[in-house]
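Colleague: Could you have a look at this structure, given as structure tokens, before my questions?
Number of protein chains: 2
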Amino acid sequence: MGRTADYSKQSCAVAATLEVVGDPWTLLILRDAFQGVRRFEQWQDRLGVARNVLAARLKALVANGVLTTRLYSERPPRKEYLLTHKGKDLRPVLLTMAAWGDQHVYGEGGGPHVRIHDPCGHEFKAKLVCEGCGEALTPGDLTFEARHEGHMPTVAEAMAKA
Amino acid sequence: MGRTADYSKQSCAVAATLEVVGDPWTLLILRDAFQGVRRFEQWQDRLGVARNVLAARLKALVANGVLTTRLYSERPPRKEYLLTHKGKDLRPVLLTMAAWGDQHVYGEGGGPHVRIHDPCGHEFKAKLVCEGCGEALTPGDLTFEARHEGHMPTVAEAMAKA
DNA sequence: TGGCTAGGTTTTGTTTTGCAACGGACCTAT
DNA sequence: ATAGGTCCGTTGCAAAACAAAACCTAGCCA
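Shown next as structure tokens:
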């Protein structure tokens, strides 16, 4: 059979997200979209991705509601790809990944780019907090629970019992 | 050439991160690792991933310093896979993705699981803030700048230093 | 007429994946 | 002791996704 993992059976929000953006190129396409890329040729130049693959990814992203198309020229018909609200909400995912890459792949010196947080003027460093209490994340401070009846015993639960 | 995107030319922290965890299965393997999975058969049962692929991914994750192995049985030699510090730091990435999946794939009702933030007792909702000023992210509040003058260290170089 | 651009699609191979079978090395129950 | 079971992979094969480059449509330019 094919390559793609059948994330859909996983019944998990992470798997659901990966089903949309889990492709090797998709997140890079979106990274460029956040930096203003909107046209086929721009992505092709920047990423060097095969044209057929790029066409397939853009089509899938539109189908999934992450991007929309808009004609910027009637004759000849030319369309550009814009982030939807759903797509813009992926920015935290990319920033979190960028933060990890800066710290753990590039190390001390930091990555090749700096992101400046305009409101405060300092380098932006991503920090994840609990929206409810505003506290930062600490190891092991989360407990998983099934929301729906149809119970799926997780490993976490199984280990908690042991 | 083969299938795999050559992220290494991208010279970008996102691409660097994807080089480590951008594989279709890798993030699901790590998701389970955060829920306590440590052994080959556990992953195989839960994910249904092909055994050769799982073996390859685990090997790559160890090579990349995201997981370590530890013998839990001398005879027969059996090893388990544990998250390193570097690996544990990927938790924000997974939580951010989970938050997006909950909101945009599952929608109103929320995803199949709830994550409880033990310190405050409420459902954990991920929020990304600027570590410097503590303010939440708003659209277009980041500016990108190149850090280095002439030279952009490639991922390959960065890894060679490590 | 010929050349150029933008945005793809088609064609032709190469890589990777999924699957199932096999392997070794050790336990345990009969 | 021998048969079965567990755990952790490795090997071989067909199918799917991929990469590269040629090709196509549709207009525009001169």
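Going line by line, the protein sequences match chains C and B. All residue numbers for the first sequence refer to my numbering, where the first residue is 1 and numbers rise by one. All residue numbers for the second sequence refer to my numbering, where the first residue is 1001 and numbers rise by one. All residues carry an ideal CB built from backbone N, CA and C; glycine is no exception.
When you compare only the Cα positions, how much space is there between residue 106 of chain C and residue 139 of chain C?
Modeller: Cα-Cα distance, rounded: 23 Å.
Colleague: Looking only at its own chain, which residues have a Cβ that is under 8 Å from the Cβ of residue 111 of chain C, when we skip the five neighbours before and after it?
Modeller: 98, 101, 102 and 105.
Colleague: Between residue 14 of chain C and residue 90 of chain C, how many whole angstroms is the CB-CB distance? I'm expecting something under 8 Å.
Modeller: Not a contact, Cβ separation roughly 14 Å.
Colleague: Looking at the secondary structure, which residues open and close the alpha helix (DSSP H) in which residue 40 of chain C lies?
Modeller: Run containing residue 40 of chain C: 40-47, per the alpha helix (DSSP H) assignment.
Colleague: Closer than 7 Å by beta-carbon distance: list the chain B residues that pair up with residue 42 of chain C, in chain order.
Modeller: By Cβ distance, chain B contributes nothing, its closest Cβ being about 15 Å from residue 42 of chain C, past 7 Å.
Colleague: Helix, strand or coil for residue 1144 of chain B, going by three-state DSSP, please let me know.
Modeller: Correct three-state label for residue 1144 of chain B: strand.
Colleague: Residue 1073 of chain B bridges to which residues according to DSSP?
Modeller: Answer is B:1078, bridged to residue 1073 of chain B.
Colleague: Select from B:1012, B:1087, B:1131 and B:1050 the residue whose C-alpha is nearest the C-alpha of residue 1024 of chain B.
Modeller: Considering only alpha carbons, the answer is B:1050.
Colleague: Considering residue 85 of chain C, what are the terminal residues of the alpha helix (DSSP H) in which it resides?
Modeller: Per DSSP, residue 85 of chain C belongs to the alpha helix (DSSP H) from 85-88.
Colleague: Evaluate contact between the stretch 24-39 of chain C and the stretch 51-66 of chain C, counting only Cβ atoms and requiring at least three cross-stretch pairs below 8 Å.
Modeller: They touch, by the three-pair rule.
Colleague: Go through its chain and collect everything with a Cβ distance to residue 115 of chain C's Cβ below 6 Å, but skip five positions before and after it.
Modeller: Closer than 6 Å at the Cβ level, and outside the excluded window around residue 115 of chain C, lie 124.
Colleague: Just the C-alpha distance for residue 1144 of chain B and residue 1038 of chain B, rounded to the nearest angstrom, thanks.
Modeller: Residue 1144 of chain B and residue 1038 of chain B: Cα-Cα distance of roughly 39 Å.
Colleague: Could one say the Cβ of residue 68 of chain C lies closer than 8 Å to chain B's Cβ atoms, at least one of them?
Modeller: No, its Cβ sits nowhere closer than 8 Å to a Cβ of chain B.
Colleague: Tell me whether the beta-carbon of residue 120 of chain C lies closer than 8 Å to the beta-carbon of residue 1132 of chain B.
Modeller: Yes, the Cβ-Cβ distance between residue 120 of chain C and residue 1132 of chain B is below 8 Å.
Colleague: Of all the CB atoms in chain C, is at least one closer than 8 Å to the CB of residue 1014 of chain B?
Modeller: True, the Cβ-Cβ gap to chain C drops below 8 Å.
Colleague: Count the other CB atoms within 10 Å of the CB of residue 1085 of chain B; is the residue buried (16 or more) or exposed (fewer)?
Modeller: Counting Cβ neighbours within 10 Å, residue 1085 of chain B comes out exposed, since fewer than 16 surround it.
Colleague: In terms of residues, what are the limits of the beta strand (DSSP E) holding residue 1114 of chain B?
Modeller: It spans 1113-1117 - the beta strand (DSSP E) in which residue 1114 of chain B sits, taken as one unbroken run.
Colleague: Just verifying my parser: in three-state terms, what is the DSSP assignment at residue 26 of chain C?
Modeller: The answer is helix: DSSP assigns residue 26 of chain C an H, G or I state.
Colleague: Buried or exposed: where does residue 1019 of chain B fall if 16 or more other Cβ atoms within 10 Å of its Cβ makes it buried?
Modeller: Buried: at least 16 other Cβ atoms inside 10 Å.
Colleague: Output needed for residue 69 of chain C: all residues of its chain with C-beta closer than 8 Å, excluding positions within five of it in sequence on either side, in chain order.
Modeller: Within the same chain, residue 69 of chain C has close Cβ partners 62, 79, 80, 81 and 82.
Colleague: For a quick check, are the C-beta atoms of residue 57 of chain C and residue 17 of chain C less than 8 Å apart?
Modeller: For residue 57 of chain C and residue 17 of chain C, no; Cβs fall outside 8 Å.
Colleague: So is residue 1122 of chain B buried or exposed if we call it buried at 16+ other beta carbons inside 10 Å?
Modeller: So residue 1122 of chain B counts as exposed.
Colleague: Taking the alpha carbon of residue 1055 of chain B as the reference point, which residue from B:1012, B:1048, B:1072 and B:1040 has its own alpha carbon closest?
Modeller: That would be B:1040, whose Cα lies nearest to the Cα of residue 1055 of chain B.
Colleague: Once the 5 residues before and after residue 1117 of chain B are set aside, which same chain residues still bring their CB inside 8 Å of it?
Modeller: Closer than 8 Å at the Cβ level, and outside the excluded window around residue 1117 of chain B, lie 1123 and 1124.
Colleague: Spatial neighbours of residue 28 of chain C within its chain, please: CB distance less than 7 Å, with the 5 preceding and 5 following residues excluded, ordered by chain position.
Modeller: Cβ within range, chain order: 47.
Colleague: Under 6 Å Cβ to Cβ from residue 96 of chain C, same chain only, skipping five residues before and after it: list those, please.
Modeller: Correct list, in chain order: 126.
Colleague: What are the boundary residues of the alpha helix (DSSP H) that includes residue 56 of chain C?
Modeller: Taken as a continuous stretch (DSSP letters only), the alpha helix (DSSP H) holding residue 56 of chain C covers 51-63.
Colleague: Evaluate residue 1164 of chain B with the Cβ neighbour count: other Cβ atoms within 10 Å of its Cβ, from every protein chain shown; 16 or more gives buried, anything less gives exposed.
Modeller: Nothing can be reported for residue 1164 of chain B, as the shown portion of chain B is limited to 1001 through 1162.
Colleague: Which class does residue 138 of chain C belong to by DSSP, given the choice of helix, strand or coil?
Modeller: In this structure, residue 138 of chain C counts as coil in the three-state DSSP scheme.
Colleague: Just to confirm, are residue 1166 of chain B and residue 92 of chain C a CB contact at a threshold of 8 Å?
Modeller: With chain B running from 1001 to 1162 in the structure shown, residue 1166 of chain B is simply not present.
Colleague: Interface residues of chain C around residue 1011 of chain B at Cβ under 8 Å?
Modeller: Within 8 Å Cβ-Cβ: 112.
Colleague: Where do the ends of the beta strand (DSSP E) carrying residue 14 of chain C lie?
Modeller: Residue 14 of chain C -> not in any beta strand (DSSP E); alpha helix (DSSP H) instead, spanning 13-21.
Colleague: From the DSSP output, read off the bridge partner residues of residue 1129 of chain B.
Modeller: Paired residues: C:127 and B:1136.
Colleague: Mind pulling the chain C residues with CB within less than 7 Å of residue 1116 of chain B?
Modeller: Residues of chain C passing the Cβ test: 142, 143 and 145.
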